[in-house]
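K.L.:
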Amino acid sequence: MNEKPAMVPLGPDERMDPPRNSGHDSGKADQSRVSDARSHARKGSRFSALRILAIGITLYALVVLALGVVWSRQPAKFDVATLQSQEIETYGGKAVPGTAVVAAAIGVGETLLEKPGGFLYNDLTPPGLYLDNMPKWEYGALKELRDSVRALRNDFSRSQTQSIESEHAKQADVKLAIDASSWLLPSAEEEYRQAVDSLRLFMRDLATGQDRSVRFYARADNLAAYLSIVEKRLGSLALRLSASVGDHELTAALVQNVDGSNVEPEATQVGSGDSATPWHLVDNTFYEARGYTWALLHMMRAISIDFADILASKNADMSMQQIIRDLEGASKPMVSPIVLNGHGYGFVANHSLVMASYISRANAAVLDLRILMQQG
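Counting from 1, position 359 in the sequence shown corresponds to residue 760 in this note's numbering; the numbering is continuous, with no gaps.
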């Protein structure tokens, strides 16, 4: 009987795998490669977008910083006599007393509006938003411009207490009174520009003589009234600047010509006692003083032109020249990029005390000039 040979089981290495579906596997591989390519494309586009965004933010920050540096520079001084001639030629008039004072006010107002960056005090966007020094400078210059225009309205353009005030001077005074931080309906810039336009109309009527009611009275009593306001402003600034070191005796020495009635309440609060001005407010006071003295320098140059006969008759030319020299010293360009606040004879200077020294000397000369106008 023939027997069939027994089947020997195959080993694990000898087993045959079932045939694979090559078409199905290649399709999966293609889909996997497409999915990977799309994923890499998304990651690449996301990375490119982030890189572009980072580059854009960096460039914007650099531009903002550069503009902040440029916009923080003090504007150059202008020549009052030249500006007076240009304004008069526009209307075909002639130089009469008062045209230099009005021209100086126009020049200060236009500088606030037309300097690099424009008027920054009410800005809500960078770089004006983060700038601190230039807005304080603008506030100081604006304070002096308001004082000058108010004196023009109440004193210089009126012959006596019961005379009719000039409508153009009144409009300029009212427009300048708006809050400097106002930015919408109406904005401060819009109101200040209208004030400059009103001053130009006053200049036109004064230089051409078209409106006989527009006059400028260059009298000693009118000038004395304006100088009394300047005394208070300078005394207040000197007191606040000297408070940067918290030395009560030094403060009293620098503002020895200022009595309690001539000091503003804010200056009394800062200067009283032995407490120093907080370090983060020192530069604010310093640049406010810089702006005020810059604007006052141009007004004093204009007064020396319009009140030349009065100054000569009172032998007050030297006092006026002393005021101008000290104001020029107070408005010199700064070399240091920051306001230093040293004390004593240390390694670091104290810019506030240097400014206070110039302002105190100018204040003393203003006091002498006012006394000459009243009694000389």
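For each residue, glycine too, the CB sits at the ideal point set by N, CA and C.
Just so you know, these numbers come straight off a predicted model, no measurement behind them.
What residues match up with residue 623 in a beta bridge as DSSP calls it?
P.N.:
Its beta-bridge partners do not exist; DSSP assigns none.
K.L.:
Could you check which residue in 454, 476 and 460 has the C-alpha nearest to that of residue 733?
P.N.:
Out of 454, 476 and 460, 476 has the C-alpha closest to the C-alpha of residue 733.
K.L.:
Do residue 731 and residue 778 come within 8 Å of each other at the CB atom, strictly closer than that value?
P.N.:
Lying outside 402 to 777, the shown extent of the chain, residue 778 is not represented and no answer is given.
K.L.:
To the nearest angstrom, how far is the alpha carbon of residue 659 from that of residue 536?
P.N.:
Per-residue confidence for residue 659 stands at a pLDDT of 48, beneath the threshold of 50, marking its modelled position as unreliable; no derived number is given.
K.L.:
If you reduce the DSSP assignment to three classes, tell me which class residue 588 lands in.
P.N.:
If DSSP states are grouped into helix, strand and coil, residue 588 belongs with the strands.
K.L.:
If we ignore side chains and look at the alpha-carbon of each, how far apart do residue 488 and residue 679 end up?
P.N.:
Cα to Cα, the separation comes out at about 44 Å.
K.L.:
Short of 7 Å in beta carbon distance, which residues of its chain neighbour residue 629, apart from the five on each side in sequence? Order them along the chain.
P.N.:
Excluding sequence neighbours, residue 629 sits near 771.
K.L.:
Can you give the Cα-Cα distance for residue 534 and residue 543, rounded to whole angstroms?
P.N.:
Their Cα atoms are separated by approximately 14 Å.
K.L.:
Using 8 Å as the Cβ pair cut-off and three pairs as the minimum, do the stretch 491-504 and the stretch 617-632 touch?
P.N.:
Short answer: they touch.
K.L.:
Within 8 Å, do at least three Cβ pairs link the stretch 544-555 to the stretch 476-485?
P.N.:
The stretch 476-485 is not in contact with the stretch 544-555.
K.L.:
By Cβ distance, which residues of its chain are closer than 7 Å to residue 663, with the 5 residues on each side in sequence left out?
P.N.:
Annotation note: pLDDT 48 at residue 663 (below 50); position unreliable, coordinate value reported separately. Excluding positions up to five away in sequence, the list reads 632, 633 and 636.
K.L.:
To the nearest angstrom, how far is it from the Cα of residue 755 to the Cα of residue 454?
P.N.:
Going by the C-alpha atoms only, they are around 46 Å apart.
K.L.:
Going by CA-CA distance only, name the one from 568, 589, 591 and 508 that's closest to residue 486.
P.N.:
Comparing Cα-Cα distances from residue 486 to each of 568, 589, 591 and 508, the minimum goes to 508.
K.L.:
Under DSSP, the alpha helix (DSSP H) around residue 685 begins and ends at which residues?
P.N.:
Looking at the DSSP string, the run of the alpha helix (DSSP H) that includes residue 685 is 683-707.
K.L.:
Let's see if you can read the secondary structure: which residues bound the alpha helix (DSSP H) around residue 540?
P.N.:
Note, residue 540: alpha helix (DSSP H), 534-552.
K.L.:
Starting from residue 568, follow the alpha helix (DSSP H) in both directions and report where the run begins and ends.
P.N.:
Where residue 568 is concerned, the enclosing alpha helix (DSSP H) stretches over 568-577.
K.L.:
How would you label residue 719, buried or exposed, when you count the other beta carbons within 10 angstroms and need 16 or more for buried?
P.N.:
Label assigned to residue 719: exposed.
K.L.:
According to DSSP, is residue 764 part of a helix, a strand, or is it coil?
P.N.:
Three-state result, residue 764: helix.
K.L.:
With 16 other CB atoms within 10 Å as the buried threshold, where does residue 451 fall?
P.N.:
Residue 451 should be labelled exposed.
K.L.:
Does the beta-carbon of residue 736 have 16 or more other beta-carbons within 10 angstroms, so that it is buried, or is it exposed?
P.N.:
Exposed is the call here.
K.L.:
Taking 8 Å as the cut-off, decide whether the C-beta atoms of residue 707 and residue 499 are in contact.
P.N.:
Yes, they are a contact pair.
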